[in-house]
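Number of protein chains: 2
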Amino acid sequence: MNLPQRISGVNKNSIPRLVQYRHVLKRISDSGRIRVYSNDLAEAIGITAAQVRKDFSLFGIIGKKRGGYDVHDLLVVIQKILGFQQGQDVVIVGMGHLGTALSNYKGFGEEGICIKAGFDTDADKCGTRGHIPVYPFSECLKYITDHHIKVGIIAVPAGAAQKVLNVMLLGGIEGVLNFAPVHLFADQPCVIHDVNLMVELESLLYFVNALNTREHNP
Amino acid sequence: MNLPQRISGVNKNSIPRLVQYRHVLKRISDSGRIRVYSNDLAEAIGITAAQVRKDFSLFGIIGKKRGGYDVHDLLVVIQKILGFQQGQDVVIVGMGHLGTALSNYKGFGEEGICIKAGFDTDADKCGTRGHIPVYPFSECLKYITDHHIKVGIIAVPAGAAQKVLNVMLLGGIEGVLNFAPVHLFADQPCVIHDVNLMVELESLLYFVNALNTREHNP
DNA sequence: GTTTTTATGTGACGATTTTCACAAAAAATG
DNA sequence: CATTTTTTGTGAAAATCGTCACATAAAAAC
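Top to bottom, those sequences are chains A and B.
Numbering that gives the first Met the number 0 puts the first residue of the first sequence at 0, with every later residue one more than the last.
Numbering that gives the first Met the number 0 puts the first residue of the second sequence at 0, with every later residue one more than the last.
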């Protein structure tokens, strides 16, 4: 078990997998096991063992031939790579059902991630909703600035999303998880990751239909 | 504007993009425009124009050199490719905030997609919740079977997801959108698409941090 | 200690996806 | 009508990503 050698030239897709390895390793660690094989991790997240080892290889993670990986050590190394040592504060704008669902997610805390506050233009949604305080959106800029929030979640309707992003950028936000079904434009460096649930569902429908028509016309 | 020539050898990634093109085209169509250029679509969803044209090329979509594409024709062709002519009935299991958020999504109807019903083990969540009827989970198998539902959404906690899938499979489900943060196993052909919101957020955090440390150590 | 068995680590290969670049078509211009 | 401008369509090149195969190490078995 060594330290990563080369940081650059990372496979972008390996990052979400590292996150998944970490979740699985937590469960395995809690169960008391102290060793884990690439095959275990592969099965747990539905990929091949070679893929797991390749990911590890990219980050310079070394196990023991025939001995697999020490669960605890592996966890520590992956934590270090993912870099969540320091607490990560996040805010959510748009406290409809989706925003509320995210604010309720357990497990964020375990990862050192803290959803600090929610914001909404609808006064009815303000107050304490679930686990976090919810403030009027008008206070969002001040909050982000004062608390040095770096990451925000946008869970508002399409029409309002760009305005929300603009405010976030004014506050110095550096990363956004965007659930609004529109592409957003940022005039300063900011990582924007779109999650479009409608697109996910409709794509799935295509593949289901394709599967059926392929069966009939092979 | 012609019909698709080759159906096989499709780029998997082009499907979600086609779905996005369709959304954009709907908006453009509503605005009264009748022509659209690859560049317009590219900007609207944040990719390159070459990518748009390549996607179209793959599906045999032909425009007019220098004339772009007829918005209406393009919409019709893409609809045909995505194959949503017939109504697509979907059920949701797990009517917490996330399930409810999905059930409330407008725009599904416009796409010919109909969220027919929700199910939950919690009796308090049953009845009419938002726009759809919610039944006890015990009735799920019968409902899926009787209504020939082909696609389901799983929005339950990790621990319950596999059991839900098993029931769905018994009912003959062919596609699942899984929001539970676990990998599911199916013993019959079924397209399972995972959406792990925690993984999305944590990956984003990595890239935000990476951006910062890169700035300091270029 | 020798042999067998089991997992890793990684270079090479193959497959897939995106980008590039430019010929070709047609609209626009004069 | 000739020229210019703009945009498409696509083969070819480049980049990215995943798979394979096997040498290598070490545990296990005897």
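Every residue, glycine too, gets a C-beta built ideally from N, C-alpha and C.
Starting from residue i, find everything on chain A with Cβ-Cβ shorter than 7 Å and list it in chain order.
i: B:S220; result: There is no way to answer for residue 220 of chain B, as the model of chain B reaches only from 0 to 217.
For residue i, count neighbouring Cβ atoms within 10 angstroms of its own Cβ and tell me buried if that reaches 16, exposed if not.
i: B:E109; result: exposed
i: A:V75; result: exposed
i: A:F220; result: No statement about residue 220 of chain A is possible, as the shown extent of chain A runs from 0 to 217 and does not include it.
i: B:T127; result: exposed
i: A:S37; result: buried
i: B:T144; result: exposed
i: B:N10; result: exposed
i: A:K218; result: Look at the range of chain A in this structure, 0 to 217, and you will see that residue 218 of chain A is not part of it.
i: B:K124; result: buried
i: A:D119; result: buried
i: B:A49; result: exposed
i: A:I56; result: Checking the sequence, you will find Ser at residue 56 of chain A rather than Ile. That one is exposed.
i: B:D121; result: exposed
i: A:Q187; result: exposed
i: A:G169; result: Note on identity: in this sequence residue 169 of chain A is Leu, with Gly being the wrong assignment. So A:L169 ends up on the exposed side.
i: A:N195; result: buried
i: A:G106; result: exposed
i: B:R21; result: buried
i: A:G93; result: buried
Here's a check: name, in chain order, each residue in its chain whose Cβ is nearer than 6 Å to the Cβ of residue i, leaving out the five neighbours to either side.
i: B:P3; result: In this predicted model, B:P3 has a pLDDT of only 36, less than 50, meaning its place in the structure is not dependable enough to derive any value.
i: A:N211; result: none
i: B:I14; result: none
i: A:S30; result: none
i: A:V51; result: S37, L40, A41
What does residue i touch in chain A if you count any residue whose Cβ is under 9 Å from its own?
i: B:F206; result: K11, I14, G174, V190, H192
With hydrogens ignored, establish whether the beta-carbon of residue i is closer than 7 Å to any heavy atom of the ligand ATP.
i: A:L81; result: In the structure on display, the ligand ATP does not appear, and there are no ligands present to speak of.
What residues from chain B crowd round residue i, counting only those whose CB sits closer than 9 Å?
i: A:G82; result: L204, Y205, N208, A209, T212
Who are the neighbours of residue i on chain B, taking C-beta pairs under 8 Å?
i: A:P132; result: Those do not exist, as A:P132 stays about 17 Å from chain B at its closest Cβ, beyond 8 Å.
i: A:P180; result: H22, G106
Which residues in the same chain as residue i place their Cβ atom closer than 8 Å to its Cβ, once the five residues preceding and following it in sequence are excluded?
i: A:V207; result: none
i: B:R34; result: G66, G67, Y68, D69, V70
i: A:M197; result: P180
i: A:L101; result: I91, I114, I152, A154
i: B:S202; result: none
i: A:L24; result: V35, L40, V70, L73, L74, I77
Just the chain B side, please: which residues come within less than 7 Å of residue i by C-beta, in chain order?
i: A:L169; result: Here the premise fails: no neighbours, minimum Cβ distance about 17 Å.
i: A:V198; result: P15, V18, Q19
Which residues in the same chain have their Cβ closer than 7 Å to the Cβ of residue i, if we skip the five residues on either side of it in sequence?
i: B:I191; result: V175, N177, L183, A185
i: B:P156; result: A179
i: B:H146; result: D88, K115
i: B:G95; result: A154
i: B:I97; result: Note that residue 97 of chain B corresponds to Leu in the displayed sequence, not to Ile. Excluding residues within five positions, the ones whose Cβ falls inside 7 Å are A154, F178.
- Query: In the stretch 38-64 of chain B, which residues sit with their C-beta less than 7 Å from some C-beta in chain A, listed in chain order?
  - Reply: A43, I44, G45
- Residues from the stretch 86-109 of chain B in contact with chain A, defined by Cβ distance under 8 Å: Q87, V89, G95, H96, L97, T99, A100, L101, N103, Y104, G106, F107
- Task: Identify every run of the alpha helix (DSSP H) within the stretch 68-125 of chain B, keeping only runs that are complete inside it and at least 4 residues long; order them along the chain.
- Result: 70-81, 96-103
- Message: At a CB distance below 7 Å, what residues from the stretch 142-163 of chain A approach chain B? Give them in sequence order.
- Response: K149, V150
- Task: Identify every run of the alpha helix (DSSP H) within the stretch 126-190 of chain A, keeping only runs that are complete inside it and at least 4 residues long; order them along the chain.
- Result: 139-146, 157-169
- Item | Uninterrupted alpha helix (DSSP H) stretches inside the stretch 11-36 of chain B (no shorter than 4 residues) | 13-29
- Query: Which parts of the stretch 33-57 of chain B are runs of the alpha helix (DSSP H), unbroken and 4 residues or longer, counting only runs that do not cross its ends?
  - Reply: 37-44, 48-57
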